[in-house]
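As structure tokens, the structure follows; a few thoughts come after it.
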Amino acid sequence: MFVQFTTWDIVRNLLEAGRWTLALSLIAFVLGGLVGLAILFARISKNRLLQALTKGYIEVFQGTPLLMQLFIVFFGLSLLGVDVSPWIAAAVGLTLFTSAYLAEIWRGCVESVPRGQWEASASLALSYTQQMRYVVLPQALRIAIAPTVGFSVQVVKGTAVTSIIGFAELTKTGSMLANATFQPFLVFGLVAAGYFILCYPLSLYAKSLERKFHVAR
Amino acid sequence: MSLVKITGLHKHFGANHVLKGIDLEVAQGDVVALIGRSGSGKSTLLRTINGLETIDKGELVVDGAALHDGKGDLRALRQKVGMVFQQFNLFPHLTAGQNVMLAPTVVKSTSKREAEDIAKEMLLKVGLSDKFNSFPDQLSGGQQQRVAIARALAMKPKVLLCDEITSALDPELVNEVLAVVRQLASEGMTLIMVTHEMRFARDVGNKLIFMHQGRIHESGDPKTVFAAPQTPELAGFIGAVQEA
Ligand SMILES: Nc1ncnc2c1ncn2[C@@H]1O[C@H](COP(=O)(O)OP(=O)(O)O)[C@@H](O)[C@H]1O
Ligand SMILES: [Mg+2]
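Residue numbers (my numbering), protein chains in the order written: chain A, 100 to 316; chain B, 21 to 264.
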């Protein structure tokens with residue numbers, strides 16, 4: 100490893116690794132959103148068992164560090180004899196993490212739809228599913244957009260933790276480059292800038308959505 | 021035969037015994053005015069009639085749809101019973117027309133075109149045929165309440181329940197809503213309404229019910245009852261309302 104790294108080499112390597120950060124974020128967000136939707140429906144269903152199970156699921160993921168969740172997925176699955184690559188473990192771990200948080204955010208949105216909406220639709224003889232589909236979810240969705248976009252920032256930053264199980268995303272690649280170049284300040288500065296470039300537009304967007312929503316109310 | 025028949029109805033909220041054995045019969049075309057002090061159980065009684073509150077004990081039958089001790093087909097009952105709320109409760113993400121069309125399309129599987137015709141007819145009835153495409157937040161309180169009435173009527177209910185439907189309105193908007201109710205009454209619609217508009221209750225109603233501490237304390241023809249209340253509680257209530 101006695102290669103001389105120019106700054107451009109560092110940037111190029113980081114950009115390549117950044118693509119993995121981006122891919123992992125997208126996968127975790129999309130799959131986490133789908134799983135989160137299923138969790139949401141179970142959480143707000145009238146079935147006590149489903150409610151309790153999903154409440155527990157959400158509490159476990161909100162009450163433990165993401166790092167532990169990744170360790171458990173990564174080492175737990177290999178204990179079960181399933182050989183998982185860091186990439187799969189990272190995707191699965193972050194998906195579960197995201198699903199728990201999104202389900203909880205969305206539950207709050209569903210519950211913020213006023214009771215009068217449920218009563219009016221019930222008095223019109225709509226079934227529970229019809230109330231959800233035509234009255235409650237469309238309103239909850241509008242409320243949910245801003246906090247959901249806001250949470251996507253947490254997902255992007257959360258991907259950094261996957262470096263510890265050896266997944267070569269932005270942070271992991273940054274550590275390797277820092278060791279090889281003896282320029283940790285420069286390298287990690289660039290890594291931080293990379294996260295900022297990904298996250299800042301999302302935060303701005305979430306803020307503008309929030310403002311729009313408050314005006315519209 | 022009565023359209024609505026309530027027998028021995030009891031309702032508790034926890035330890036609070038709110039309805040203590042209500043017996044009530046309402047005939048087709050009756051216009052019933054429910055009056056009484058705040059907390060006497062008027063809203064709760066009204067809400068049990070379309071199943072928004074469960075019944076602990078007793079029987080409720082509306083045009084053949086029955087609940088015994090709280091058990092029965094709620095959705096069948098609700099198709100016979102429309103309800104208008106104090107706070108309008110229009111669906112804010114839908115236009116006035118869509119508010120009216122929703123239940124016929126999804127509950128009765130009416131075709132979209134037919135539902136649209138029904139919605140236009142109902143909005144015309146409440147004097148809002150030009151507001152089909154307006155969203156609730158573009159309408160005044162009185163207009164919103166009239167859309168809510170149109171929405172309930174679109175399901176062709178046998179009886180319409182109104183819970184203080186003018187109480188949330190600015191005074192100058194009360195009359196446009198009362199005019200619609202008056203019109204419905206004259207067309208023979210069966211109405212049960214909780215109201216603080218005593219003059220309206222007397223002029224439009226043909227049956228007055230005074231509730232007191234969870235019971236029907238006094239009832240009869242509005243003009244007679246107002247002229248000569250039989251119980252000190254009703255006399256006191258009428259006096260208090262007139263002073264206010
Ligand atoms: N959802 C509820 N939970 C608990 N208590 C309630 C509920 N709704 C009404 N009550 C109680 O029932 C009683 C009757 O209320 P209500 O029917 O609203 O009276 P009214 O409409 O005549 O003012 C009151 O004591 C009220 O506090
Ligand atoms: Mg009331």
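Beta carbons: idealized from backbone N, C-alpha and C, even for Gly.
Remember, it's a predicted structure, so these values are computed and weren't measured experimentally.
Could you round the C-beta distance between residue i and residue j to whole angstroms and report it? I think they count as a contact, below 8 Å.
{"i": "Gly131 of chain A", "j": "Leu269 of chain A", "result": "Between Leu269 of chain A and Gly131 of chain A the Cβ distance is about 19 Å, and since that is not below 8 Å, they are no contact."}
{"i": "Phe320 of chain B", "j": "Thr115 of chain B", "result": "The requested residue 320 of chain B is not part of the displayed model; chain B covers only 21 to 264."}
{"i": "Glu184 of chain B", "j": "His216 of chain B", "result": "7 Å"}
{"i": "Lys256 of chain A", "j": "Tyr200 of chain A", "result": "Not really, about 13 Å apart at Cβ, beyond 8 Å."}
{"i": "Leu123 of chain A", "j": "Thr261 of chain A", "result": "7 Å"}
{"i": "Leu289 of chain A", "j": "Ile138 of chain A", "result": "Between Ile138 of chain A and Leu289 of chain A the Cβ distance is about 37 Å, and since that is not below 8 Å, they are no contact."}
{"i": "Val101 of chain B", "j": "Ile69 of chain B", "result": "6 Å"}
{"i": "Leu122 of chain B", "j": "Val214 of chain B", "result": "Contact flag wrong, Cβ pair sits at about 25 Å."}
{"i": "Gly56 of chain B", "j": "Phe246 of chain B", "result": "At roughly 14 Å, the Cβ-Cβ gap does not stay under 8 Å, so Gly56 of chain B and Phe246 of chain B are not in contact."}
{"i": "Gly215 of chain A", "j": "Phe111 of chain B", "result": "With a Cβ gap of about 10 Å, Gly215 of chain A and Phe111 of chain B do not count as contacting."}
{"i": "Arg142 of chain A", "j": "Ala224 of chain A", "result": "Between Ala224 of chain A and Arg142 of chain A the Cβ distance is about 26 Å, and since that is not below 8 Å, they are no contact."}
{"i": "Lys145 of chain B", "j": "Leu173 of chain B", "result": "7 Å"}
{"i": "Gly117 of chain B", "j": "Leu143 of chain B", "result": "7 Å"}
{"i": "Val51 of chain B", "j": "Gly225 of chain B", "result": "5 Å"}
Residue i: which of the options sits nearest, CA to CA?
{"i": "Leu195 of chain A", "options": "A:Arg206, A:Leu149 and A:Ile126", "result": "A:Ile126"}
{"i": "Glu115 of chain A", "options": "A:Lys271, A:Glu158, A:Asn278 and A:Arg206", "result": "A:Lys271"}
{"i": "His237 of chain B", "options": "B:Gly61, B:Gly49 and B:Val24", "result": "B:Gly61"}
{"i": "Gly71 of chain B", "options": "B:Gly78, B:Ile185, B:Val194 and B:Gly90", "result": "B:Gly90"}
{"i": "Lys176 of chain B", "options": "B:Leu148, B:Glu79, B:Arg98 and B:Glu73", "result": "B:Arg98"}
{"i": "Glu79 of chain B", "options": "B:Val24, B:Arg57, B:Lys227 and B:His37", "result": "B:Val24"}
{"i": "Ser211 of chain A", "options": "A:Leu179, A:Val134, A:Val234 and A:Phe287", "result": "A:Val234"}
{"i": "Gly234 of chain B", "options": "B:His32, B:Ser22 and B:Met21", "result": "B:His32"}
{"i": "Ser184 of chain A", "options": "A:Phe266, A:Leu301, A:Lys306 and A:Pro300", "result": "A:Phe266"}
{"i": "Lys77 of chain B", "options": "B:Ile26, B:Val261, B:Phe105 and B:Leu180", "result": "B:Ile26"}
{"i": "Leu273 of chain B", "options": "B:Ser58, B:Ala170, B:Ile229 and B:Leu189", "result": "In the structure as shown, chain B starts at 21 and stops at 264, and residue 273 of chain B therefore has no counterpart that could be examined."}
{"i": "Thr247 of chain A", "options": "A:Gln230, A:Thr105 and A:Leu133", "result": "A:Leu133"}
Please classify residue i as buried or exposed, where buried requires at least 16 other C-beta atoms within 10 Å of its C-beta.
{"i": "Phe160 of chain A", "result": "buried"}
{"i": "Phe284 of chain A", "result": "exposed"}
{"i": "Gln203 of chain B", "result": "exposed"}
{"i": "Ala168 of chain B", "result": "buried"}
{"i": "Lys145 of chain A", "result": "exposed"}
{"i": "Val129 of chain A", "result": "exposed"}
{"i": "Arg316 of chain A", "result": "Caution applies to Arg316 of chain A, whose pLDDT of 48 falls short of 50 and renders its modelled position unreliable; the value that the coordinates give is listed next. Answer is exposed; the Cβ neighbour count stays below 16."}
{"i": "Tyr299 of chain A", "result": "exposed"}
{"i": "Ile212 of chain B", "result": "buried"}
{"i": "Glu265 of chain B", "result": "Missing from the structure shown is residue 265 of chain B; chain B here goes from 21 to 264 and no further."}
{"i": "Ala68 of chain A", "result": "Outside the displayed span of chain A (100 to 316) sits residue 68 of chain A, for which this structure offers no information."}
{"i": "Thr186 of chain B", "result": "buried"}
{"i": "Val120 of chain B", "result": "buried"}
{"i": "Thr244 of chain B", "result": "exposed"}
{"i": "Asp182 of chain A", "result": "exposed"}
{"i": "Asn112 of chain A", "result": "buried"}
{"i": "Val261 of chain B", "result": "exposed"}
Please say whether residue j and residue i have beta carbons closer to each other than 8 Å?
{"i": "Leu39 of chain B", "j": "His30 of chain B", "result": "yes"}
{"i": "Leu193 of chain A", "j": "Val254 of chain A", "result": "yes"}
{"i": "Ala188 of chain A", "j": "Ile264 of chain A", "result": "yes"}
{"i": "Leu193 of chain B", "j": "Ser160 of chain B", "result": "yes"}
Give me the chain C residues within the contact set of residue i, using Cβ-Cβ distance strictly less than 9 Å, ordered along the chain.
{"i": "Arg98 of chain B", "result": "The displayed structure is made up of protein chains A and B, and chain C is not among them."}
| When Cβ atoms are compared, which residues of the stretch 66 to 77 of chain B fall closer than 9 Å to chain A? | Arg67, Asn70, Gly71 and Leu72
| Which residues, in order along the stretch 209 to 238 of chain A, keep a beta-carbon less than 7 Å from a beta-carbon of chain B? | Gly215, Gln216, Glu218, Ala219, Ala221, Ser222, Leu223, Ala224, Leu225, Ser226, Gln229, Tyr233, Val234, Pro237 and Gln238
| Relative to chain A, which residues along the stretch 161 to 174 of chain B have a C-beta separation below 9 Å, given in chain order? | Ala168, Arg171, Ala172 and Ala174
| Between the stretch 111 to 131 of chain B and chain A, which residues of the former have a C-beta closer than 8 Å to a C-beta of the latter? | Phe111, Pro112, His113, Leu122, Ala123, Val126 and Val127
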